[in-house]
Amino acid sequence: MTDQMLRAPAEVEYAEELAWLASVDDGPKPFSWRLSPTMVRAFVLGSEPGDGLEREIAQKWFGDRSFVERAIVTLASDRGLLLIGDPGTGKSWLAELLSAAVCGDSTLVVQGTAGTTEDHVKYSWNVSMVIAKGQSREALIPSPIMTAMERGAVGRFEELTRSTSDVQDALISILSEKYVSIPELNEDNTVFAKPGFAVIATANSRDKGVNDLSSALKRRFNFVKIPVVSNRRSEAEIVRFRTTELLRRHEISLEVPPSLLDVLLQSFTDLRAASAAAAGDDERLESALSTAEQIGVLEDAILHSHFFGDSTLRAGTLASSMVGSLARRTPEDLAILNKFWHGVVEPRGTEQGGPWPEFLEGGKQAIEALS
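For the sequence shown, position 108 matches number 144 in the working numbering, and the numbering has no gaps at all.
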């Protein structure tokens with residue numbers, strides 16, 4: 037089934053693992069949860085010897101254990117869960133994994149944008165059915181959040197702070213009252229949330245000031261702040277994990293040399309340091325330089341090597357992909373990258389050798405081509 041999907045949701049990708057965990061799970065489960073909180077934690081963070089499991093469960097989200105435990109406890113309460121952090125910190129991936137483990141469905145998602153309306157949070161109507169037979173429950177189109185209420189499942193709201201205040205207000209009543217009224221109907225006009233209903237929202241900390249959450253909405257959420265991954269080893273594990281998934285999904289047999297992964301990680305570390313030291317926005321790349329963007333750079337380089345190379349990942353290809361991915365503003369970002377390549381990468385190429393000289397030349401050529 038997964039080979040018919042561009043990207044299978046977590047409950048499909050890990051269906052066998054989830055089924056096995058459920059079969060050996062004898063822990064207490066809140067409401068209608070598929071797994072107990074301890075097994076949810078094992079699914080997300082990977083198994084440990086103390087879990088007493090007969091098989092190893094791979095780690096899927098890399099971060100502080102306490103963040104995941106607080107998130108799980110929140111889902112077992114009557115409060116909403118808000119995952120907040122910088123772009124690329126894995127908020128959406130964590131929300132997907134939690135939803136898959138708790139209710140077996142991570143696809144009940146509302147995407148917050150400036151165009152999101154109250155209908156996306158509550159319900160809308162099948163216009164043709166309304167014209168033919170009038171307003172009825174059959175003609176009603178429930179939102180993903182309302183569907184989650186009816187099933188006692190987890191509903192997700194991505195980028196909550198990108199939605200306008202009226203959309204956020206609609207969510208307040210759902211989180212408070214746990215029901216949605218349908219005033220257009222005379223009968224059967226209230227949808228009550230079943231036990232197990234929960235909402236996981238995500239918010240980008242860089243969107244502060246766009247559509248700030250009201251104090252009323254904040255009170256209905258437990259906040260879990262997801263920090264930027266600063267540990268080199270953890271970041272390497274995340275990149276390796278995602279790269280392995282990419283290679284498997286594309287059925288590509290290609291090795292990522294550890295030395296090239298080190299070059300990628302070190303380059304992003306240096307660029308972040310330069311960004312932190314910059315005096316103004318004009319001296320910073322528009323990119324957030326997140327772990328997710330590192331994965332994107334590596335994915336681009338792997339696919340280029342597979343389709344247009346000899347299926348060998350080379351430093352020059354990695355450099356070209358990096359420049360192409362990070363140079364979003366012209367000429368500002370190109371000037372920043374050019375300064376970085378000459379001031380940081382060039383000395384590394386001279387001092388350290390290895391893949392750095394080829395990485396240096398590949399980057400210079402890419403910058404020249406885009407200038």
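Glycine included, C-beta positions come from ideal geometry on N, C-alpha and C.
Quiz item: Bridge partners of Ile-167, per DSSP?
Solution: Paired residue(s): none; Ile-167 is not in a bridge.
Quiz prompt | Option nearest Ala-44 by Cα separation, candidates Ile-120, Leu-282, Arg-276 | solution = Leu-282
Quiz item: At which residue ranges does the segment 123–166 contain complete alpha helix (DSSP H) runs of 4 or more residues, listed in the order of the chain?
Solution: 127–139, 154–157
Practice problem: Label Ala-229 either buried or exposed according to how many other C-beta atoms from any shown protein chain fall within 10 Å of its C-beta, with 16 as the threshold for buried. | Solution: buried
Quiz prompt | With 16 other Cβ atoms within 10 Å as the buried cut-off, status of Leu-42 | solution = exposed
Exercise. Assign Asp-141 to one of two classes, buried (16 or more other C-beta atoms within 10 Å of its C-beta) or exposed (fewer than that).
Key: buried
Quiz prompt | Enclosing beta strand (DSSP E) for Ser-217 [first to last residue] | solution = 215–217
Self-check item: Which of helix, strand or coil DSSP assigns to Leu-71
Solution: coil
Quiz item: At what residues does the beta strand (DSSP E) containing Val-381 begin and finish?
Solution: Note, Val-381: premise wrong, no beta strand (DSSP E); not H, not E.
Quiz item: How big is the Cα-Cα spacing for Trp-97 and Leu-134?
Solution: 10 Å
Quiz item: Where does Arg-101 land, buried or exposed, given buried means 16+ other C-beta within 10 angstroms?
Solution: exposed
Quiz item: In its own chain, which residues sit with a C-beta less than 7 Å from the C-beta of Glu-368, not counting the 5 before and 5 after it?
Solution: Asp-318
Self-check item: Boundaries of the beta strand (DSSP E) in which Ile-262 is found, first to last residue
Solution: 257–262
Practice problem: Write down every uninterrupted run of the beta strand (DSSP E) in the segment 166–231 whose length is 3 residues or greater and which is fully enclosed by it, in chain order. | Solution: 176–178, 190–194, 215–217, 226–228
Quiz item: Rounded to a whole number of angstroms, what is the C-alpha to C-alpha distance between Ala-405 and Gly-399?
Solution: 10 Å
Quiz item: Does the distance from the C-beta atom of Val-292 to that of Ala-107 stay below 9 Å?
Solution: no
Quiz item: Given 8 Å as the limit, is there contact between the segment 199–208 and the segment 138–158, that is, 3 or more CB pairs closer than that?
Solution: yes
Quiz prompt | Sequence-distant residues of its chain with Cβ nearer than 6 Å to Gln-401 (five each side left out) | solution = none
Quiz item: Would you say Ser-241 faces chain C, with C-beta separation under 9 Å as the test?
Solution: This model lacks chain C altogether, as it is built from one protein chain only.
Quiz prompt | Counted within 10 angstroms of its Cβ, other Cβ atoms place Asn-240 as buried (16 or more) or exposed | solution = buried
Quiz item: Can you tell me whether DSSP reads Gly-399 as helix, strand or coil?
Solution: helix
Quiz item: Going straight from the alpha carbon of Ala-237 to that of Met-165, what length do you get?
Solution: 32 Å
Practice problem: Would you kindly work out how many angstroms separate the C-alpha atoms of Asp-248 and Leu-325, rounded to a whole number? | Solution: 24 Å
Self-check item: Span of the beta strand (DSSP E) around Thr-279
Solution: Segment 268–286 is the alpha helix (DSSP H) holding Thr-279; no beta strand (DSSP E) there.
Self-check item: Helix, strand or coil at Ala-58 according to DSSP, with G and I counted as helix
Solution: helix
Exercise. Look at Ala-112 and Phe-67 and say whether their C-beta atoms are less than 9 Å apart.
Key: yes
Exercise. Pull up the CB-CB distance for Glu-394 and Ala-351, whole angstroms please, since I reckon it's below 8 Å.
Key: 4 Å
Exercise. Could you check how far apart the C-beta atoms of Trp-56 and Val-138 are, in whole angstroms? I think they sit under 8 Å.
Key: With 8 Å as the limit, Trp-56 and Val-138 do not qualify as a contact, their Cβ atoms being about 17 Å apart.
Quiz item: Of all the options Ser-295, Ala-46, Arg-285, Ser-250, which has the alpha carbon lying nearest to the alpha carbon of Ala-272?
Solution: Ser-295
Exercise. Please report how far the alpha carbon of Leu-301 lies from the alpha carbon of Asp-224, in whole angstroms.
Key: 57 Å
Quiz item: What do you get for Gly-245, buried or exposed, if any count of 16 or more other CB atoms within 10 angstroms of its CB means buried?
Solution: Because Gly-245 carries a pLDDT of 49, less than 50, the predicted location of this residue cannot be relied on, and the following value inherits that uncertainty. It counts as exposed.
Quiz prompt | Rounded C-alpha distance that separates Gly-379 from Ser-323 | solution = 19 Å
Exercise. Report the rounded CA-to-CA distance for Leu-253 versus Glu-195, giving the unit in angstroms.
Key: 14 Å
Quiz item: Is it the case that the Cβ atoms of Phe-277 and Gln-388 are separated by a distance below 9 Å?
Solution: no
Quiz item: Between the Cα of Pro-180 and the Cα atoms of Ser-172, Ser-361, Pro-263, Glu-154, which residue gives the shortest distance?
Solution: Glu-154
Quiz item: In chain order, what residues of the same chain have a beta carbon less than 7 Å from the beta carbon of Met-75, not counting five sequence neighbours either side?
Solution: Leu-57, Asp-61, Gly-63
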